[in-house]
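**Q**
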Ligand code: AMP
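Residue numbers (this note's numbering): 101 to 448.
1) Hey, out of 349, 248 and 234, whose CA is closest to residue 225's CA?
2) Could you name the residues of the same chain whose beta carbon sits closer than 7 Å to that of residue 145, not counting the 5 residues immediately before and after it, in chain order?
3) Can you tell me whether DSSP reads residue 246 as helix, strand or coil?
4) Quick check on this structure: which residue in 200, 150, 188 and 210 has the alpha carbon closest to the alpha carbon of residue 431?
5) According to DSSP, residue 228 sits in a beta bridge with which residue or residues?
6) Consult DSSP for residue 144 and reduce its assignment to one of helix, strand or coil.
7) Quick check on the DSSP output: the beta strand (DSSP E) that includes residue 206 runs from which residue to which?
8) Along the alpha helix (DSSP H) that carries residue 349, what are the first and last residues, could you check?
9) Using three-state DSSP, classify residue 448 as helix, strand or coil.
10) Leaving out five residues before and five after residue 318 in sequence, what residues of the same chain have Cβ atoms less than 6 Å from its Cβ?
11) Look up residue 355 in the DSSP assignment and say whether it is helix, strand or coil.
12) Report yes if the C-beta distance between residue 207 and residue 177 is below 8 Å; otherwise report no.
13) Mind checking residue 232: buried by the 16 CB within 10 Å criterion, or exposed?
14) Just list the residues that DSSP pairs residue 316 with in beta bridges.
15) So what does DSSP say about residue 185, is it helix, strand or coil?
16) Just the Cα atoms here: how many angstroms apart are residue 362 and residue 339?
17) Please name the residue, chosen from 190, 419 and 356, that lies closest to residue 258 on a Cα-to-Cα basis.
18) Please return the same chain residues whose Cβ sits closer than 7 Å to the Cβ of residue 427, not counting the five positions on each side in sequence.
19) Taking the straight line between their C-alpha atoms, what separation do you get for residue 194 and residue 390?
20) If you follow the beta strand (DSSP E) that residue 220 is in, where does it begin and where does it stop?
21) Determine the DSSP secondary structure at residue 426, reduced to helix, strand or coil.
22) Within its chain, find whatever has a CB closer than 8 Å to the CB of residue 165; leave out the 5 residues flanking it on each side and keep chain order.
23) Measure the alpha-carbon distance for residue 285 versus residue 325 and round it to whole angstroms.
24) Verify the contact flag: residue 90, CB atom, against every heavy atom of the ligand AMP, threshold strictly below 7 Å.
25) Got a sec: does the ligand AMP put a non-hydrogen atom nearer than 7 Å to the Cβ of residue 376?
26) Expressed to the nearest angstrom, what Euclidean distance is found between the alpha-carbon atoms of residue 437 and residue 386?
27) Since residue 406 is in the alpha helix (DSSP H), which residue starts that stretch and which ends it?
As structure tokens, this is what we get:
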């Protein structure tokens, strides 16, 4: 799968300087190449590393066709597994005594460093249950049992604290803030959020928005966050709240990227066989960030556009099966083949 197993040094010596009015890349960052001999630092501490902090769940899913109980879910596993097709991933989350070690093994096999999974021996793993309607874009949350996630205080292993790329998966914004307090010198911090946190923890969410580079959010939630009825207007308003770019997810209608300099959409891969859309958003983010992490820290506009395409393609595989069933059957070659088919169908 072409995964890196050793931490890699940042031999290219790229340093980012935020120059707000200089449209050099997708969020106005000027990338300046500094000769290594002038940096005077040990590059081995700067690795092309990708960190995710998020929920780990047992999901119970009902679709018009089927019902499955207590399958692996949560924002962190979906993100990490999808990103693992492109780069090594460090995962932080919490589980209870009911956690099955076979899931740790499954994640490890995908190149995920599981040292950040904390097991609470006196608690139960977070549980979420959802029901999809005939229109699989539409789902209701039937039950959320926070369990150990309710009191989660992320503790990042020492080597995770210097991660270059950081994704704060769906979870309480206070968890994201606590993680950011432990992270030094990240080049790109992206977060996801949802209606629950917009409605119940707005002050923390506003503080988090000021500390991230990018927000990935559903269409309806972008509108809820900004009190707007138009998606583009909502995305632009999010830019005034802190993030330098926003990616709005629109389910089977694809995703829209908005920054001060660029607005574009990427369609979804047309799918006939949608079995379980759970985790599509997190997998999209995982494919996107995993691809960026695999590009040696290159954050130009073209890389980001390609990253949205890879996120789209990886997520399209995930929804062909329940939980991680389909992911376990595919590899990078399958992803590249579908990406090529996608390129042909979107080249006008
Ligand atoms: P997605 O389909 O990408 O929105 O992600 C679904 C995943 O998010 C499921 O596997 C759930 O376990 C997880 N999830 C649902 N609600 C929450 C929540 N309030 N906080 C954290 N994770 C959640």
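Where a beta carbon is used, it is the ideal one built from N, C-alpha and C, also for glycine.
Since the structure is predicted, the reported quantities are computational estimates derived from the model, not experimental observations.
**A** So, from the listed chains and residues:
1) That would be 248, whose Cα lies nearest to the Cα of residue 225.
2) The predicted model places residue 145 with a pLDDT of 38, which falls under 50 and marks its position as unreliable; any figure quoted below should be read in that light. Take residue 145, set aside five residues on each side of it, and the residues of its chain with a beta-carbon closer than 7 Å to its own are 262, in chain order.
3) In this structure, residue 246 counts as coil in the three-state DSSP scheme.
4) Scanning 200, 150, 188 and 210 for the CA closest to the CA of residue 431 turns up 210.
5) Under the DSSP definition of a beta bridge, residue 228 partners with 159 and 244.
6) In this prediction, residue 144 has a pLDDT of 35, which is less than 50 and means its spatial position is unreliable; nothing more can be read from the coordinates.
7) Run containing residue 206: none in the beta strand (DSSP E); it sits in the alpha helix (DSSP H), 201-209.
8) From DSSP, residue 349 is part of no alpha helix (DSSP H) but of the beta strand (DSSP E) over 345-349.
9) Residue 448 falls in the coil class under three-state DSSP.
10) Close CB contacts of residue 318 within its chain, under the 6 Å cut and outside five residues either way in sequence, are with 349 (chain order).
11) For residue 355, the secondary structure class from DSSP, reduced to helix, strand or coil, is strand.
12) In this structure, residue 207 lies near residue 177, with their beta-carbon atoms less than 8 Å apart.
13) Counting Cβ neighbours within 10 Å, residue 232 comes out buried, since at least 16 surround it.
14) According to DSSP, which records beta bridges pairwise, residue 316 is partnered with 292 and 347.
15) Note: residue 185 maps to coil in three-state DSSP.
16) Between residue 362 and residue 339, the C-alpha separation is close to 12 Å.
17) Of the candidates 190, 419 and 356, the one whose C-alpha sits nearest the C-alpha of residue 258 is 190.
18) Closer than 7 Å at the Cβ level, and outside the excluded window around residue 427, lie 181, 417 and 418.
19) Rounded to whole angstroms, residue 194 to residue 390 spans 22 Å at the Cα level.
20) Going by DSSP, residue 220 is part of the beta strand (DSSP E) stretching over 212-220.
21) In the structure shown, the three-state DSSP call for residue 426 is coil.
22) Contacts found: 375.
23) If you draw a straight line from the Cα of residue 285 to the Cα of residue 325, it is about 28 Å long.
24) Because the chain is modelled from 101 through 448, residue 90 falls outside the range shown and cannot be assessed.
25) Not under cutoff, so the answer is no.
26) Between residue 437 and residue 386, the C-alpha separation is close to 19 Å.
27) Taken as a continuous stretch (DSSP letters only), the alpha helix (DSSP H) holding residue 406 covers 401-418.
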